[in-house]
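Take a look at the structure below.
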Amino acid sequence: MKKQIPIYFVLVSGIVMIIQYFIPSEESEWLFTYANDWVIVIGIFALALGIWSLLRSEFKKLKNPKEAFYAGTVLFGYFIMVFTALTREGREAGTLHMNLFNNILIPIQATIFALLAFYIASAAYRAFRARTVLATILLLAAFIVMLRLIPLGPLSAINQTAVGWILAVPNMAAKRAITMGVGLGAIATCIKIILGIERTYLGHD
Amino acid sequence: MTIWDRIMNLDRRWIYLCIAVVVIIPAVVSFKVPVATTPEVKKVFDFVDKMQPGECFYLGIDYDPSALAELDPMTYAILNQAFSKDLKVIIGCLSQFGVGMAETRLAEMSAKYGKKSGEDYCFLGYRPYPAICILTMGVDFRVTFPLDYYGVPLDSLPVMNGIKNLMDVKGVVDITAGNVADFWITYGNGRFGFPVALGVTGVMSADYYQYLQSGQIFGLISGIKGAAEYEELSGFETTGMESIPYQTLSHAVILLFIIISNVGYFATRGRKGK
Amino acid sequence: MTTAELLWNTLAAILTLCVFSFLIKDNPFYKFAERLVAGVAAGFWTMLLYHTNFHDKVVLTMQNGQWAYIIPILLGIGMWTRFSKNYAWMSRFSIAFYMGISTGVSIPVFMYTNIFKQVSATMIPFDGTVNVLVIIGVLCSLFYFFFSKAHTGTFGLVSRIGIYTLMIGFGAGFGMTVMGRVALLVQRVIFMKDYFIGLFGG
Numbered sequence: 001m002k003k004q005i006p007i008y009f010v011l012v013s014g015i016v017m018i019i020q021y022f023i024p025s026e027e028s029e030w031l032f033t034y035a036n037d038w039v040i041v042i043g044i045f046a047l048a049l050g051i052w053s054l055l056r057s058e059f060k061k062l063k064n065p066k067e068a069f070y071a072g073t074v075l076f077g078y079f080i081m082v083f084t085a086l087t088r089e090g091r092e093a094g095t096l097h098m099n100l101f102n103n104i105l106i107p108i109q110a111t112i113f114a115l116l117a118f119y120i121a122s123a124a125y126r127a128f129r130a131r132t133v134l135a136t137i138l139l140l141a142a143f144i145v146m147l148r149l150i151p152l153g154p155l156s157a158i159n160q161t162a163v164g165w166i167l168a169v170p171n172m173a174a175k176r177a178i179t180m181g182v183g184l185g186a187i188a189t190c191i192k193i194i195l196g197i198e199r200t201y202l203g204h205d
Numbered sequence: 206m207t208i209w210d211r212i213m214n215l216d217r218r219w220i221y222l223c224i225a226v227v228v229i230i231p232a233v234v235s236f237k238v239p240v241a242t243t244p245e246v247k248k249v250f251d252f253v254d255k256m257q258p259g260e261c262f263y264l265g266i267d268y269d270p271s272a273l274a275e276l277d278p279m280t281y282a283i284l285n286q287a288f289s290k291d292l293k294v295i296i297g298c299l300s301q302f303g304v305g306m307a308e309t310r311l312a313e314m315s316a317k318y319g320k321k322s323g324e325d326y327c328f329l330g331y332r333p334y335p336a337i338c339i340l341t342m343g344v345d346f347r348v349t350f351p352l353d354y355y356g357v358p359l360d361s362l363p364v365m366n367g368i369k370n371l372m373d374v375k376g377v378v379d380i381t382a383g384n385v386a387d388f389w390i391t392y393g394n395g396r397f398g399f400p401v402a403l404g405v406t407g408v409m410s411a412d413y414y415q416y417l418q419s420g421q422i423f424g425l426i427s428g429i430k431g432a433a434e435y436e437e438l439s440g441f442e443t444t445g446m447e448s449i450p451y452q453t454l455s456h457a458v459i460l461l462f463i464i465i466s467n468v469g470y471f472a473t474r475g476r477k478g479k
Numbered sequence: 480m481t482t483a484e485l486l487w488n489t490l491a492a493i494l495t496l497c498v499f500s501f502l503i504k505d506n507p508f509y510k511f512a513e514r515l516v517a518g519v520a521a522g523f524w525t526m527l528l529y530h531t532n533f534h535d536k537v538v539l540t541m542q543n544g545q546w547a548y549i550i551p552i553l554l555g556i557g558m559w560t561r562f563s564k565n566y567a568w569m570s571r572f573s574i575a576f577y578m579g580i581s582t583g584v585s586i587p588v589f590m591y592t593n594i595f596k597q598v599s600a601t602m603i604p605f606d607g608t609v610n611v612l613v614i615i616g617v618l619c620s621l622f623y624f625f626f627s628k629a630h631t632g633t634f635g636l637v638s639r640i641g642i643y644t645l646m647i648g649f650g651a652g653f654g655m656t657v658m659g660r661v662a663l664l665v666q667r668v669i670f671m672k673d674y675f676i677g678l679f680g681g
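Residue numbers (our numbering), protein chains in the order written: chain A, 1 to 205; chain B, 206 to 479; chain C, 480 to 681.
Below you can see the structure in the form of structure tokens.
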């Protein structure tokens, strides 16, 4: 019963929400609105799990002398953000909480991703070689697209037109085919979940 | 070991050093690079430009600091344009760190133009599960966000008078770096049919031309170049246009690396074949 | 730049350099910055969740007498049993609620957005060379992904055109990706430039 009832619920609610799409009435809209709003409320509690999980693992690491300093750093950052925003007003622009956000979180996160520029240059140098016909086509397309940010004088207009054509025709066709495939796959997965064929989300006993 | 062997086996730190030197050059020697406007960016600009003072649109600031470089200039340019035209803006965040960025940018822009929260704009804040939020906002903002970010009930905000849901605004401009863009298209435009435009990172932008062609989005601002184009059109220059010279030199160097590596590949491949 | 702004920007600049030091090799400064951002991010998110989500959607609904919201609140609390060996089964009801609603809502819109709209946009309006090229590109790319038949003969030729189209798409995507990644670095360089100008009174 502990597994059966959730599966039956998914079946009934899934079918109800599909049928609801085709019924334009006030009652149908009411059901749609509040069913979705209840999901948001459940989500708020679910997100707290992630935070608790992080804190639990960091507190455990405090006992290990090798990891204690870094675990302490995580917890220091966590609690300083918590204690600087005990009120709703403490989260507005110009407060200590937001200054910490702007001057710790933003620069570190932005810089971690900025490292990717170096990696992509290195990857382009090492791996982007015209070994096969397919690799050559990929290389040429990328080359033309990358040229658009370089002023080429009279060739710039030709390059812009070429890039516009590449993005609007072959690129669009390729991505559309992928989207259709992904869409069909997603619909199939949703149907499998509703029918109870796919049950991995329930976890194990 | 020939010169080509050395070049093919170059330590990656030399490449890092070249990139580092090249991106510093425009910081020391400034120069301007012209940016050609594309139709997809112009459509977003025209959408905001054609609105009359007092009309309202929804601006989604759905990105994290990791995408700040490309998307912040778009946010600034659109807010500059909207506030200078006395448009009403409803701002929402469906990405958790977007709230911090939106709050700071809004504070700056509202101070610049003398705009007041609740009267000229409404900052809704953040909710989890973007897809579900879009669905509920399409029915009633007040169900998803009974209060705004500052704790004021939406019903008491003059800017929200006559605006029940996303169908009551002129359109949605969503600036995002994640799959929130897909949710706005699928659950927003797909379910309710309201006009949607996107501002996305360069990495993602190639995937959205299909939606542009099908009319599911009416405009697309692609990455830092798109941001620079928008700044050029709107006349409000921030880091978008400023970044283009850096982009030009970096791209030139990376293209040079690709050419050298391919020449070296063909040179050594011919030798290995013998 | 005021003194307070300068001090905050100095903190940001130091942390930026700590992260950039990773390019030389992994080191304690980078590890410190990495751990600090994890803690700060979690702390920011905790208070965001508490003030604007938990208060507005849980506390306020109870204060306003919307007693029906007890059901999602109990289901939400049920999610917390996920880590318990004896009571983890309770979280299944919460997950089932979310899965049932979201999958039911998704199917019609996925069908419309990803299939109907895309197919109709490919075929309509049927005019001009560009449209024909798009139709050929989409069909050939779709044929490429059909692996139940060997890619030989005419079918092989069609899937070959498909993979060429896909490669052009991926190449275009790579070109845009380079722009995107470089932009991330450029923004940090501009920040450091502005910081040094502010520091030395430019």
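Note that beta-carbon positions come from the ideal geometry of N, C-alpha and C, so glycine has one too.
- Residue burial is scored here from C-beta neighbours: residue 427 of chain B has at least 16 other C-beta atoms within 10 angstroms and is therefore classed as buried.
- Excluding five sequence positions before and after residue 23 of chain A, none of the CB atoms of its chain fall closer than 8 Å to its own CB.
- In the three-state scheme derived from DSSP, where H, G and I count as helix and E and B as strand, residue 302 of chain B is classed as coil.
- Its Cα nearest to that of residue 105 of chain A, the residue C:523 stands out among C:523, C:581, C:615, C:544.
- Under the DSSP assignment, residue 276 of chain B falls in the alpha helix (DSSP H) whose first and last residues are 273 to 289.
- For residue 324 of chain B, the number of other beta carbons within 10 angstroms of its own is below 16, and it is reported as exposed.
- Against chain A, a Cβ distance below 7 Å from residue 604 of chain C picks out nothing, because the smallest value is about 15 Å.
- At a cut-off of 9 Å between beta-carbon atoms, residue 33 of chain A makes contact with chain B.
- Using a Cβ-Cβ cut-off of 9 Å, residue 137 of chain A does not count as an interface residue toward chain B, since no Cβ of chain B sits closer than that to its own.
- Boundaries for residue 563 of chain C: no alpha helix (DSSP H) harbours it, and the DSSP string shows neither H nor E there.
- For residue 329 of chain B, the enclosing beta strand (DSSP E) has its first and last residue at 326 to 331.
- When rounded, the separation of the alpha-carbon atoms in residue 487 of chain C and residue 83 of chain A is 19 Å.
- Exclusion of the five residues before and after residue 72 of chain A leaves 62 as the residues of its chain whose Cβ lies within less than 7 Å of its Cβ.
- Residue 135 of chain A places its beta carbon 9 Å or farther from that of residue 648 of chain C.
- Contact annotation: in the segment 451 to 479 of chain B, residues whose CB is within less than 7 Å of a CB in chain A are 452, 453, 456, 457, 459, 460, 462, 463, 466, 467, 470.
- Residue 309 of chain B and residue 597 of chain C have their C-alpha atoms roughly 38 Å apart.
- Against chain C, the beta carbon of residue 239 of chain B has no neighbour under 8 Å; the closest one sits roughly 16 Å away.
- A Cβ of chain A is located within less than 9 Å of the beta carbon of residue 309 of chain B.
- Close partners of residue 30 of chain A in chain C (Cβ separation under 7 Å) are lacking, with about 12 Å as the shortest Cβ gap.
- For residue 50 of chain A, the enclosing alpha helix (DSSP H) covers residues 26 to 61.
- Bridge pairing for residue 631 of chain C: absent [DSSP].
- Of the residues C:604, C:513, C:594, C:670, the one whose Cα lies closest to the Cα of residue 177 of chain A is C:594.
- Counting the other CB atoms within 10 Å of its CB gives residue 679 of chain C a total below 16, which places it among the exposed residues.
- Contact residues of the segment 92 to 107 of chain A toward chain C are 97, 99, 100, 101, 102, 103, 104, 105, 106, 107 (C-beta to C-beta distance below 8 Å).
- Spatial neighbours of residue 290 of chain B in its own chain (CB-CB distance under 8 Å, excluding positions within 5 residues in sequence) are listed in chain order as 253, 254, 256, 258.
- The C-beta distance from residue 327 of chain B to residue 365 of chain B rounds to 6 Å, short enough to meet the 8 Å contact threshold.
- At a cut-off of 9 Å between C-beta atoms, residue 223 of chain B counts as an interface residue with respect to chain A.
- In this structure, residue 312 of chain B lies near residue 93 of chain A, with their beta-carbon atoms less than 9 Å apart.
- In the three-state DSSP reduction, residue 586 of chain C falls in the helix class (H, G or I).
- In the DSSP assignment, residue 263 of chain B forms a beta bridge with B:295, B:377.
- For residue 352 of chain B, DSSP records a beta bridge to B:358.
- Look at residue 593 of chain C: its C-beta is under 9 Å from a C-beta on chain A.
- For the C-beta of residue 54 of chain A, the chain C residues within less than 7 Å are, from N- to C-terminus, 521.
- Per DSSP, residue 403 of chain B is one residue of the beta strand (DSSP E) stretching across 401 to 405.
- Taking C-beta atoms as the reference points, residue 609 of chain C and residue 162 of chain A fail to come closer than 9 Å.
- Taking residue 624 of chain C as reference, the option from A:179, A:124, A:147 with the minimal CA-CA separation is A:179.
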